[in-house]
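Take any residue in the sequence shown, note its place counting from 1, add 167, and you have its number in my numbering.
All residues carry an ideal CB built from backbone N, CA and C; glycine is no exception.
Keep in mind that this is a model prediction, so the values were computed, not measured.
Only one structure is covered here, and it is reproduced in the block below.
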Amino acid sequence: MAESKIPIIAVVGPTASGKTSLAVELCKRYGAEAVSCDSMQIYKGMDIATAKPTENEMQGIPHHLIGFVSPDEPFSVAKYCELAKDVISDINRRGKKTVLVGGTGLYYSSLTDNVEFLPDETDFEYREHLKKRAETEGVQVLLDELRSVDPEAAASLHINNAGRIMRALEIYHTTGKTKTMQNELSRKTPTPFSTVAICLDARDRQFLYDRINRRVDIMLESGLLDEAKKFFESPLGSTARQAIGYKELDPYFKGEKSLEECIENLKMQTRRYAKRQLTWFRRDERINFIYIDDYSSGEELLDAVCEIIERSADNEE
Numbered sequence: 168m169a170e171s172k173i174p175i176i177a178v179v180g181p182t183a184s185g186k187t188s189l190a191v192e193l194c195k196r197y198g199a200e201a202v203s204c205d206s207m208q209i210y211k212g213m214d215i216a217t218a219k220p221t222e223n224e225m226q227g228i229p230h231h232l233i234g235f236v237s238p239d240e241p242f243s244v245a246k247y248c249e250l251a252k253d254v255i256s257d258i259n260r261r262g263k264k265t266v267l268v269g270g271t272g273l274y275y276s277s278l279t280d281n282v283e284f285l286p287d288e289t290d291f292e293y294r295e296h297l298k299k300r301a302e303t304e305g306v307q308v309l310l311d312e313l314r315s316v317d318p319e320a321a322a323s324l325h326i327n328n329a330g331r332i333m334r335a336l337e338i339y340h341t342t343g344k345t346k347t348m349q350n351e352l353s354r355k356t357p358t359p360f361s362t363v364a365i366c367l368d369a370r371d372r373q374f375l376y377d378r379i380n381r382r383v384d385i386m387l388e389s390g391l392l393d394e395a396k397k398f399f400e401s402p403l404g405s406t407a408r409q410a411i412g413y414k415e416l417d418p419y420f421k422g423e424k425s426l427e428e429c430i431e432n433l434k435m436q437t438r439r440y441a442k443r444q445l446t447w448f449r450r451d452e453r454i455n456f457i458y459i460d461d462y463s464s465g466e467e468l469l470d471a472v473c474e475i476i477e478r479s480a481d482n483e484e
């Protein structure tokens, strides 16, 4: 008899859409524990910028894979998947369900689709060669080069994502296989999970953007400036500098821009990030979209989500 798969309820979607609140209510209703699926909430100390759930917001529900990595420690999606599988297996052994919650699409799809990662073989000489080329010739040249050997990977990467462009070229250089080919091979092993995924969205884009703008205001009221300043003054600032919520404030600390200009830019960059998050999740037809502005209360939204979850469970029986 085939081994049954571990059930996962996933709550994904853009920043400020209400994922934490919904996930906590689902945990309470189904006797579940929450597992974070956020590539920045893993870091210690980066609490306000990454909107880590507070003790009050958690409402006594155990939350896993939050605030356990030092900002100076290397971390990867492969490591996340390894840890998340262990945590989810343990939750399942204890007779509880898992609610996976977060907005990092790469973490979500890599975990739930059971992507197998290549051993991290790095050609440091070639990587340095690519870095120098990026500096002298520009990242667009590298992206064009990737497009000539792996058009699918190139189409999925933004020119601002120099690290992933170089990594895709490095994979082709060291293995002779494109990143797209490697991705196809990496999904050969069936997933151990049975996932029903909910993506929170809004029909009225301004409705979501207003929530994002308010989220930024609340972060500032909660001490974002002090948190960002601490990281910029510490030797651990390299990872923090990548986080939305820190890098936009850097010109203010340097005296290059006013605080008001930096805050407006932070709101704009957060809205853009939300659009990228939604673009990622829309590519997966298995995900159920729920529009938060269709519901007048959290209870109504919760009932609609539970209906999807229970219908999905009925279909699997």
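{"Asked": "Element boundaries [beta strand (DSSP E), containing Tyr165]", "Found": "A query on residue 165 cannot be resolved here, the shown segment of the chain reaching from 168 to 484 and no further."}
{"Asked": "Alpha carbon of Ser425 to alpha carbon of Lys396, nearest angstrom", "Found": "15 Å"}
{"Asked": "Every unbroken alpha helix (DSSP H) inside the stretch 387 to 467 [4 residues or more]", "Found": "391 to 399, 404 to 407, 417 to 420 and 426 to 449"}
{"Asked": "DSSP state of Phe360 mapped onto helix, strand, coil", "Found": "strand"}
{"Asked": "Contact belief for Gly180 with Gly262 at Cβ below 8 Å, rounded distance in angstroms", "Found": "Actually they are not in contact, since the Cβ atoms of Gly180 and Gly262 sit about 28 Å apart, beyond 8 Å."}
{"Asked": "Neighbourhood of Leu416 by C-beta, 6 Å cutoff - its chain only, sequence neighbours within 5 removed", "Found": "Ala395 and Cys429"}
{"Asked": "Among Cys204, Asn223 and Thr265, the one whose alpha carbon lies nearest that of Cys194", "Found": "Thr265"}
{"Asked": "beta-carbon Gly212 near the ligand SAH non-hydrogen atom, thresh 7 Å", "Found": "Annotation note on the ligand SAH: not contained in the displayed structure, which lists no ligands."}
{"Asked": "Per-residue burial, Ala169 [other beta carbons within 10 Å of its own, 16 or more giving buried]", "Found": "Unreliable positioning characterises Ala169 in this predicted model, as indicated by a pLDDT of 44, which lies under 50. A coordinate reading is not provided."}
{"Asked": "Which of helix, strand or coil DSSP assigns to Ala169", "Found": "For Ala169, the predicted model reports a pLDDT of 44, less than 50, meaning its position is unreliable and no value from the coordinates is stated."}
{"Asked": "Same chain, Cβ closer than 8 Å to Glu224, five either side skipped, listed in chain order", "Found": "Thr187, Ser188 and Val191"}
{"Asked": "Simplified DSSP assignment, three categories, for Glu283", "Found": "coil"}
{"Asked": "Cβ shell of Ala410 (< 7 Å), same chain only, five flanking positions each side left out", "Found": "Met207, Met213, Ala216 and Thr217"}
{"Asked": "At least 3 beta-carbon pairs within less than 8 Å: the stretch 270 to 284 vs the stretch 320 to 330", "Found": "no"}
{"Asked": "Nearest residue (CA-CA) to Leu433, options Ile255, Leu392 and Ala329", "Found": "Leu392"}
{"Asked": "Chain-order list of residues whose beta-carbon lies under 7 Å from that of Val316 (same chain, five-residue window excluded)", "Found": "Tyr339 and Thr345"}
{"Asked": "Residue span of the alpha helix (DSSP H) that contains Val254, given as start and end", "Found": "Val244 to Arg260"}
{"Asked": "Per DSSP, the bridge partner or partners of Lys264", "Found": "Ala199"}
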